[in-house]
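J.: Sharing a structure here in structure tokens format.
Protein chains: 2
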Amino acid sequence: MTFEEAKDKFIHTWGTLATQWGINRSMAQLHALLLIAPEALATEDVMEQLQISRGNASMNLRDLMDWGLIYKQLKPGERREFFIAEKDIWKVARQVAKERRRREITPVIEVLNELKSIDADTPEAHEFQRVMVGLSGVVGFADNTLNAVIKAEENWLMGQFLKVFR
Amino acid sequence: MTFEEAKDKFIHTWGTLATQWGINRSMAQLHALLLIAPEALATEDVMEQLQISRGNASMNLRDLMDWGLIYKQLKPGERREFFIAEKDIWKVARQVAKERRRREITPVIEVLNELKSIDADTPEAHEFQRVMVGLSGVVGFADNTLNAVIKAEENWLMGQFLKVFR
DNA sequence: CATTTCTTTTAAAATATTTTGAAATTACAA
DNA sequence: TTGTAATTTCAAAATATTTTAAAAGAAATG
């Protein structure tokens, strides 16, 4: 496999994986492209390389910045903006963990706490409460795991732990 | 909040959360409904309670069975099929972890291994390879975490570990 | 078997999401 | 300022996904 083939395969694979996780293809492919780019790219570059429109590029570049996965880079003497991805992959993972926790886990924990506290006067209500308590446990585990990723400055500690389960 | 309100809120919340994770609303709501149902439900019941068509119900019930999250239950003397959800929430979590690992992580690991092994003769190719190696690490961590969930028969061990990171 | 009851399949419709392209806006330089 | 290059916005178009409804298929019953 040549480098060009590998690059295409990576961008394509990343785009496909992303859709399974509720992330749109353009955004994932943009991220993939910037991840492997040795230099910062201008909007025009990504438009051309991924064959997407200016509007699409602009919106998804912004979303990626909101996620903290890419940065704007200003080049002296250049008017247009360049974009560069965060290259420390563990930092990327921490960032994604942080955002997903904030956007998805935290709100769910709150709803579950609310639902847990109805009074269980009927059998149905009792069963319901049992399920809510169980779910709180699992969601709490997910929350802790994301926290583990977020807080692990080094990853050897996590590595040590995970050996236990192999 | 009454039990009925809580029930509706749960089904609705679960449906919303699911779409953020690339799972369709009907499937998530079906699962939510069955999770909190104290008795097995027939197709008609879920059609009525969620206001969805027979075909929709049929397809998503099958998908849920494929994920190992619900079971068919045959009642003596009854011709139609009833469905009951796996009620052990940790078992549900293990099942989801197992399936996502099989469907999403394992294939990505293979692609990354393939892409890691191109020869890095140019600076671009070298950068590319560096990223692939990094990603392998992160994906490997995800794989290990899912394995931890899958293999943890008891969850106290995981609980012990996670205290370290709090 | 034929009939009834229930389930599954599938093509079309409905809905939701993503992408485009052009206009509006912004930012900078002259 | 004014003009130009670049970015952002947003309504419309394209695409993808989900849902429906009706037909086909199975399974049980008499």
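These protein sequence lines map, in sequence, to chains A and B. Residue 79 in UniProt numbering sits at position 79 of the first sequence, with consecutive numbering throughout. Residue 89 in UniProt numbering sits at position 89 of the second sequence, with consecutive numbering throughout. For every residue, glycine included, the Cβ atom is placed at its ideal position computed from N, Cα and C. What you are looking at is a predicted structure, and each value in this text was computed from that prediction instead of being measured.
1) Could you tell me which uninterrupted alpha helix (DSSP H) segments, each at least 4 residues in length, are contained entirely in the UniProt domain "HTH marR-type" (22-80) of chain B, listed from first to last along the chain?
2) How about Glu99/A and Trp67/A: are their beta carbons less than 7 Å apart?
3) Since Ile11/B and Leu34/B should fall inside the 8 Å C-beta cutoff, what is the C-beta to C-beta distance between them, to a whole number of angstroms?
4) Check the C-beta distance from Leu41/A over to Phe3/A and give it rounded, since I have them as a contact under 8 Å.
5) Over what stretch of residues does the alpha helix (DSSP H) that includes Thr2/A continue unbroken?
6) In terms of alpha-carbon separation, which member of Leu146/B, Met65/B, Asn147/B and Val108/B lies closest to Val133/B?
7) Quick check: the Cα distance between Lys7/A and Ile118/A, rounded to an integer number of angstroms?
8) Rounding to the nearest angstrom, what Cα-Cα distance links Gln29/A and Leu112/B in this structure?
9) Do Ala93/A and Val149/B have their CB atoms nearer than 7 Å?
10) Quick check: is the beta carbon of Val111/B nearer than 7 Å to any beta carbon in chain A?
11) DSSP beta-bridge partners for Phe83/B?
12) Can you list, in chain order, the residues of its chain whose CB lies under 8 Å from that of Leu69/B, leaving out five sequence neighbours each side?
13) Hey, could you find the ends of the alpha helix (DSSP H) Arg103/B is sitting in?
14) Thinking just about the alpha-carbon of each residue, which of Ile36/A, Thr19/A and Thr106/A is nearest to the one in Glu89/A?
15) How many whole angstroms separate the CB atoms of Glu124/A and Pro38/B, which I take to be in contact at a CB cut-off of 8 Å?
16) Quick check: the Cα distance between Ala120/A and Leu50/A, rounded to an integer number of angstroms?
17) Check each candidate in Gly140/B, Glu44/B and Thr43/B and name the one with the smallest Cα separation from Arg101/B.
18) Can you find a CB in chain A that lies within less than 7 Å of the CB of Glu104/B?
19) Can you give me the Cβ contacts of Lys116/B inside the same chain, cut-off strictly under 8 Å, excluding the 5 residues immediately before and after it?
20) Quick check on the burial criterion: 16 or more other C-beta atoms within 10 angstroms. Buried or exposed for Leu146/A?
21) Is it true that the CB of Met27/B sits closer than 7 Å to the CB of Asn60/B?
22) How many whole angstroms separate the CB atoms of residue 168/B and Arg54/B, which I take to be in contact at a CB cut-off of 8 Å?
23) Which two residues bound the contiguous alpha helix (DSSP H) that contains Thr122/A?
24) I believe Trp21/A touches Gly15/B by the beta-carbon criterion, under 8 Å. Please report the beta-carbon distance rounded to the nearest angstrom.
25) Any beta carbon from chain A within less than 7 Å of Gly15/B's own beta carbon?
26) Quick one: which chain A residues come within Cβ less than 8 Å of Val108/B?
27) Determine the chain A residues that contact Ala125/B at a beta-carbon separation under 7 Å, and present them in chain order.
28) Can you tell me whether Ala152/B is helix, strand or coil according to DSSP?
29) If we define contact as Cβ-Cβ less than 7 Å, is Leu135/B a contact residue for chain A?
30) Alpha carbon to alpha carbon, what distance is there between Thr106/A and Ala142/A?
31) Any C-beta of chain B sitting closer than 7 Å to the C-beta of Trp21/A?
32) Which term fits Leu74/B, buried or exposed, when burial requires 16 or more other beta carbons within 10 angstroms of its beta carbon?
33) Measure the C-alpha to C-alpha separation of Glu110/B and Ala18/B and round it to an integer number of angstroms.
T.: This is what the structure gives:
1) Every alpha helix (DSSP H) stretch that sits fully inside the UniProt domain "HTH marR-type" (22-80) of chain B and reaches 4 residues is listed by chain position as 25-36, 43-50 and 54-66.
2) If you number the first sequence from 1, residue 99/A lands on position 99. If you number the first sequence from 1, residue 67/A lands on position 67. Yes, the pair counts as a contact, with Cβ atoms nearer than the cut-off.
3) Within the second sequence, residue 11/B is the residue found at index 11, counting from 1. Within the second sequence, residue 34/B is the residue found at index 34, counting from 1. So it is not a contact: roughly 10 Å between Cβ atoms.
4) Within the first sequence, residue 41/A is the residue found at index 41, counting from 1. Within the first sequence, residue 3/A is the residue found at index 3, counting from 1. Actually they do not touch by this definition, with Cβ atoms about 17 Å apart.
5) Here residue 2/A corresponds to residue number 2 of the first sequence, with the count starting at 1. Annotation: Thr2/A is outside any alpha helix (DSSP H) and is labelled neither H nor E by DSSP.
6) Along the second sequence, one-based indexing puts residue 133/B at 133. Here the closest residue by C-alpha is Val108/B.
7) For the purposes of this step, residue 7/A is taken as residue 7 along the first sequence, with counting starting at 1. For the purposes of this step, residue 118/A is taken as residue 118 along the first sequence, with counting starting at 1. Using only the alpha carbons, I get a separation of about 53 Å.
8) Here residue 29/A is taken as the residue at index 29 of the first sequence, counted from 1. Here residue 112/B is taken as the residue at index 112 of the second sequence, counted from 1. The straight-line gap from Cα to Cα measures roughly 16 Å.
9) Looking up residue 93/A in the first sequence gives position 93. Looking up residue 149/B in the second sequence gives position 149. Cβ distance not < 7 Å, so Ala93/A and Val149/B don't count as in contact.
10) If you number the second sequence from 1, residue 111/B lands on position 111. The beta carbon of Val111/B falls within 7 Å of a beta carbon belonging to chain A, placing the residue at that interface.
11) Here residue 83/B corresponds to residue number 83 of the second sequence, with the count starting at 1. Beta-bridge annotation (DSSP): Phe83/B is paired with Leu41/B and Lys72/B.
12) As a position in the second sequence, residue 69/B is number 69, starting the count at 1. In chain order, His31, Ala85, Glu86, Val92, Gln95 and Val96 place their CB closer than 8 Å to the CB of Leu69/B, counting only its own chain and leaving out the 5 sequence neighbours on each side.
13) Counted from its first residue, the second sequence places residue 103/B at position 103. Run containing Arg103/B: none; DSSP gives neither H nor E here.
14) Counting from one through the first sequence, the residue named residue 89/A turns up at place 89. Checking the sequence shown, residue 89/A turns out to be Ile, not Glu. Across the set Ile36/A, Thr19/A and Thr106/A, the C-alpha of Ile36/A shows the shortest separation from the C-alpha of Ile89/A.
15) Start at 1 with the first residue of the first sequence, and residue 124/A comes out as number 124. Start at 1 with the first residue of the second sequence, and residue 38/B comes out as number 38. Rounded, the Cβ-Cβ distance is 6 Å, consistent with contact.
16) Taking the first residue of the first sequence as position 1, residue 120/A is located at position 120. Taking the first residue of the first sequence as position 1, residue 50/A is located at position 50. Their backbone Cα atoms lie some 55 Å apart in a straight line.
17) What you label residue 101/B is simply residue 101 of the second sequence in a count that begins at 1. Closest in C-alpha terms to Arg101/B, from the list Gly140/B, Glu44/B and Thr43/B, comes Gly140/B.
18) The count along the second sequence starts at 1 and reaches residue 104/B at position 104. Closer than 7 Å: yes.
19) On the second sequence, residue 116/B is found 116 positions in, with the first residue counted as 1. Same-chain partners within the cutoff: Gln129, Met132, Val133 and Ser136.
20) Here residue 146/A is taken as the residue at index 146 of the first sequence, counted from 1. Leu146/A is buried by the Cβ-count criterion.
21) One-based indexing of the second sequence puts residue 60/B at position 60. One-based indexing of the second sequence puts residue 27/B at position 27. In this structure, Met27/B lies closer than 7 Å to Asn60/B by Cβ.
22) Not covered by the structure: residue 168/B. The range shown for chain B is 1 to 166.
23) Residue mapping note: residue 122/A aligns to position 122 of the first sequence, counting from 1. From DSSP, Thr122/A is part of no alpha helix (DSSP H); its letter is neither H nor E.
24) Locating residue 21/A in the first sequence gives position 21, counting from the first residue. Locating residue 15/B in the second sequence gives position 15, counting from the first residue. At roughly 17 Å, the Cβ-Cβ gap does not stay under 8 Å, so Trp21/A and Gly15/B are not in contact.
25) In the second sequence, the residue the question calls residue 15/B occupies position 15. At a cut-off of 7 Å between beta carbons, Gly15/B makes no contact with chain A.
26) Taking the second sequence and counting its residues from 1, one reaches residue 108/B at position 108. For Val108/B, the C-beta contacts it makes with chain A under 8 Å involve Thr13 and Leu17, in order along the chain.
27) One-based indexing of the second sequence puts residue 125/B at position 125. Phe3, listed in chain order.
28) Counted from its first residue, the second sequence places residue 152/B at position 152. Residue state, collapsed to three classes: coil.
29) Taking the second sequence and counting its residues from 1, one reaches residue 135/B at position 135. Residue contact check for Leu135/B against chain A: a CB pair falls below 7 Å.
30) Taking the first sequence and counting its residues from 1, the one referred to as residue 142/A is at position 142. Taking the first sequence and counting its residues from 1, the one referred to as residue 106/A is at position 106. The straight-line gap from Cα to Cα measures roughly 11 Å.
31) Here residue 21/A refers to the residue found at position 21 when the first sequence is read from its first residue. Using beta-carbon distances, Trp21/A counts as an interface residue toward chain B, with a partner under 7 Å.
32) As a position in the second sequence, residue 74/B is number 74, starting the count at 1. Under a 10 Å Cβ-count criterion, Leu74/B is classified as exposed, with fewer than 16 other Cβ atoms of the shown protein chains found around its own Cβ.
33) Locating residue 110/B in the second sequence gives position 110, where the first residue counts as 1. Locating residue 18/B in the second sequence gives position 18, where the first residue counts as 1. Straight-line Cα distance between these residues: approximately 27 Å.
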